[in-house]
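For the sequence shown, the positions run 11 to 459 when this note's numbering is used. See below for the structure under consideration.
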Amino acid sequence: PVSAPALSGSLEEAVPCERSGAATGSYRRYLTVGPAQGLVTVSPGVDESGELQEDEEDEKEGENNEGAADVVDEVRGLAGIVGRQESESEEEDHVVMTEGTAAPVPPPALKKETPVDDMDSWLRRTSWIGSDTDKALEQIPAFDEKEVQQVGEPICMMGIGYSCRKGLKAESPNQDSWFVVEIQGAGLSLYGVFDGHGSKGHDVSNFVKKHLPDLIVKDRRLRTPEMPTMLKQIFKTAQSMIQNATAGKTMEALSSGTTATLVVHDHRENKLTMAHVGDSGCCLGRLAPGAEPADAEAVPLTKDHKPDEPLERHRILASGGEVEFDGYASYRVYAKGKNYPGLNMSRALGDIRAIKEAGVSCEPDVSERIIEPEDHVLLLCSDGVWEFMNYNEAVTFACKFSPAQAMAAADQLAQEAWRRWIVEENGSVVDDITALVIFLRREVVNAQL
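Following this line, the structure appears as structure tokens:
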């Protein structure tokens, strides 16, 4: 298990784990919290439809400064910021006078508080562990583990393993990111894997990794029937934050982006909710108690967003994009008549030009699954694992390990993926490799949650 000094502060503080050496840093939020609803708002403002607002002064300034506003114009064509929602307050009289007496009747018993009513407590008890961008960037040796940070109280990592390895790419840093979040006492965990692409893909994946948990935990629709809608809106909010950061020149995401695969694990309801864009796949490994690992069965929980999929291709073409085979292994997305962006996926976060000009989408697919007794292990991996390993092979491999060996399972899965890259590509290139391994039969952990 990875341990770190306990923090009494909030999500804005961060300390490195012992495993990560001298990693430091802090998280500065771009968000504010609505006073009643607890939803985030992002500047610039939004209207009820989620459209970016532009007042007359902004338009006039844009007309007078066309050259200086090129980047802003690039990012303002897309909508998606989720506005602050209003909630109705309720007021009740707490003293009822009865006839013939001045003595007050005791007020009615308060309704039992639901988890979503205790949002402030949730925020105080949220703990986070995840990757951090390597300080030496591309100078990090191939297959080195990415730096790790912890925020809040140490997370019980029993049954949870991770490995995030730099690929064989001398010109690029490790562009994968990941997180595990626990809301202690609420019975909720979040898992996420992000695979950056483009020259600044590592910045985009790290940005999404930092802000996505915050957006989710602050939203009062968490653990309600509205959660699937909430997750779609939160992905759009994250996209708008990326656009704002690019417009403010604190990040470059015009031609860089990231996949995003997120799982919300409700331990009390025994339910998984998945939201994803791109090709960082997620699957379950089913294994009956006492069965051999070779008997494990893989159940896909996500489907890769590829340009040649009929529905994806239709959207791309209808939006003015084109889909072409690259002559090697992939279908890619291009703006009509252009030689960019050349993405081999049809949905992503970031990639502002691709979304505006080529029909790429930031909207996730969202699905839910009730955990069954034979659902043994959950895998979230970047395509560094899935390029030369299918779901059944990965599940069989992971099921050779016990929950107490989750870290070893993730490390060995990453090593096997590396070995296959070396064989298949003759040692010329290896993609970044990230594997999260979560064993679902964690009775001790579940009791604590």
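Backbone N, C-alpha and C define an ideal beta-carbon position, used for all residues, glycine too.
Could you give the residue range of the beta strand (DSSP E) that holds residue i?
i, result
"Pro223", "Note, Pro223: premise wrong, no beta strand (DSSP E); alpha helix (DSSP H) at 211-227."
"Glu157", "157-161"
"Ser199", "198-207"
"Val190", "186-193"
"Glu334", "331-335"
"Ala285", "281-287"
"Glu367", "No beta strand (DSSP E) holds Glu367; the alpha helix (DSSP H) holding it covers 362-367."
"Pro351", "351-353"
"Glu307", "307-310"
"Val439", "Segment: none, Val439 is in no beta strand (DSSP E) and carries neither H nor E."
Compare the beta carbon distance of residue i and residue j with 8 Å and say whether it is the shorter of the two.
i, j, result
"Leu191", "Pro164", "Note that residue 191 is Val in the sequence shown here, rather than Leu. Not in contact: Val191 and Pro164 (Cβ atoms no closer than 8 Å)."
"Gln185", "Gly211", "yes"
"Asn216", "Ser187", "yes"
"Gly140", "Ala416", "no"
"Ala419", "Met399", "no"
"Glu378", "Thr283", "yes"
"Glu155", "Ser173", "yes"
"Ile193", "Thr136", "yes"
State the Cα-Cα distance for the pair residue i and residue j, rounded to the nearest angstrom.
i, j, result
"Gln422", "Thr444", "11 Å"
"Gly202", "Pro320", "27 Å"
"Asp471", "Ala248", "Within the shown structure, residues of the chain are numbered from 11 to 459, placing residue 471 beyond reach of any answer."
"Glu373", "Ala270", "11 Å"
"Val227", "Leu241", "11 Å"
"Gly197", "Leu311", "21 Å"
"Val214", "His315", "19 Å"
"Ser266", "Ala358", "10 Å"
"Trp138", "Gly195", "14 Å"
"Met167", "Ser412", "13 Å"
"Val433", "His221", "37 Å"
"Ala257", "Gly300", "56 Å"
"Phe335", "Gly208", "19 Å"
"Ala298", "Val309", "14 Å"
"Thr268", "Val287", "9 Å"
"Asp441", "Asp393", "8 Å"
"Gly437", "Gly206", "22 Å"
"Ser371", "Ile448", "29 Å"
"Arg296", "Lys313", "18 Å"
"Met355", "Val343", "7 Å"
"Leu446", "Trp396", "13 Å"
"Ile244", "Arg230", "12 Å"
"His277", "Phe189", "18 Å"
"Pro383", "Gln159", "33 Å"
"Asn280", "Gly337", "45 Å"
"Gly347", "Leu353", "15 Å"
"Glu148", "Ser290", "22 Å"
"Glu435", "Arg429", "10 Å"
"Val274", "Leu294", "14 Å"
"Asp142", "Asn349", "33 Å"
Terminal residues of the continuous alpha helix (DSSP H) containing residue i?
i, result
"Tyr401", "401-408"
"Glu322", "320-328"
"Phe411", "No alpha helix (DSSP H) contains Phe411, which DSSP labels as neither H nor E."
"Thr239", "237-257"
"Ala152", "That residue, Ala152, is in no alpha helix (DSSP H); it is neither H nor E in DSSP."
"Val395", "393-396"
Suppose the cutoff is 7 Å on Cβ atoms and the five residues either side in sequence are ignored; what does the same chain contact list for residue i look like?
i, result
"Leu450", "Ile381, Asp385, His386, Val387, Leu388"
"Ile150", "Asp144, Lys176, Pro183, Asn184"
"Val218", "Phe204, Ala248, Thr268, Ala270, Leu359"
"His324", "none"
Who are the Cβ neighbours of residue i in its own chain at under 8 Å, not counting the five residues just before and after it?
i, result
"Ala345", "Gly330, Gly331, Glu332, Pro351, Arg363, Ala364, Glu367, Ala368"
"Val439", "Gly177, Leu178, Lys179, Trp431"
"Asp305", "Leu297, Ala298"
"Asn402", "Ala306, Glu307, Ala308"
"Glu236", "none"
Short of 6 Å in beta carbon distance, which residues of its chain neighbour residue i, apart from the five on each side in sequence? Order them along the chain.
i, result
"Pro303", "Thr406, Cys409, Lys410"
"Ala263", "Val214, Ile252, Thr256, Gly360, Ile362"
"Ala285", "Leu241, Leu272, Pro374, Val376"
"Pro238", "Val376"
"Ala424", "Ser173, Arg175, Ile443, Ala445"
My understanding is that residue i touches residue j, with C-beta atoms under 8 Å, so please give their C-beta distance in whole angstroms.
i, j, result
"Leu272", "Leu200", "7 Å"
"Asp361", "Tyr341", "The pair is not a contact, with the Cβ atoms about 16 Å apart (cut-off 8 Å)."
"Leu390", "Cys292", "5 Å"
Between residue i and the ligand COA, is there a pair consisting of the residue's CB and a ligand heavy atom that are separated by less than 7 Å?
i, result
"Asp361", "As for the ligand COA, it is missing from this structure, which has no ligand bound."
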